[in-house]
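Have a look at the structure below, then the notes.
Residue numbers (our numbering): 3 to 141.
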């Protein structure tokens, strides 16, 4: 029997946090985030519950907005673990907390929040063996 156990290194980590910087936003705020995929079971289960509750069955402008609004609520709970460089309108540095993350996301324009969502959905960002992925892609 052949041994392909090296493929286990390509599993998406449910513990690995990565830094996402809001490029172009004054002060370059950042969050340390977990993946927003099924590897993050707390997020994934909560998202499925919200989807069933909102009865989202097909894509439309309304369902996209509902999914974005859902993620604005769920990310501080299940995806965002830390943050920094969060400045208010007066230029005061605001210490990170889940509540501050909530407030920040509530006021963040949709297209910038979507950048964060896309990053958190990209499984390659959360694989323990990132170099292994690059080697496999090359071959």
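Here a beta-carbon is modelled for each residue, glycine too, at the ideal position from N, C-alpha and C. None of the values given here were measured: they were computed from a predicted structure.
Tell me whether residue 88 sits in a helix, a strand or coil according to DSSP, three-state version.
Reading the chain shown from its first residue, position 86 is the one you call residue 88. Residue 88 falls in the coil class under three-state DSSP.
Evaluate contact between the segment 92-100 and the segment 8-19, counting only Cβ atoms and requiring at least three cross-stretch pairs below 8 Å.
no
Using 8 Å for Cβ pairs, my map puts residue 42 next to residue 81. What's the rounded Cβ distance?
Residue mapping note: residue 42 aligns to position 40 of the chain shown, counting from 1. Residue mapping note: residue 81 aligns to position 79 of the chain shown, counting from 1. Going by Cβ atoms, the distance from residue 42 to residue 81 rounds to 7 Å, so yes, they are a contact pair.
Does the beta-carbon of residue 26 have 16 or more other beta-carbons within 10 angstroms, so that it is buried, or is it exposed?
Residue mapping note: residue 26 aligns to position 24 of the chain shown, counting from 1. It is exposed - the Cβ of residue 26 has fewer than 16 other Cβ atoms within 10 Å.
Contact under 8 Å by Cβ, residue 19 with residue 68:
For this step, residue 19 is matched to residue 17 along the chain shown. For this step, residue 68 is matched to residue 66 along the chain shown. It is not a contact, given that the beta carbons lie outside the stated cut-off.
Given a cut-off of 8 Å on the beta-carbon distance, is the pair residue 107 and residue 74 in contact?
Position 105 of the chain shown holds residue 107. Position 72 of the chain shown holds residue 74. Result yes, Cβ atoms of residue 107 and residue 74 sit closer than 8 Å.
Residue 109 versus 90, 55, 127 and 120, residue with shortest Cα-Cα distance:
Here residue 109 refers to the residue found at position 107 when the chain shown is read from its first residue. Among 90, 55, 127 and 120, the Cα nearest to that of residue 109 is on 90.
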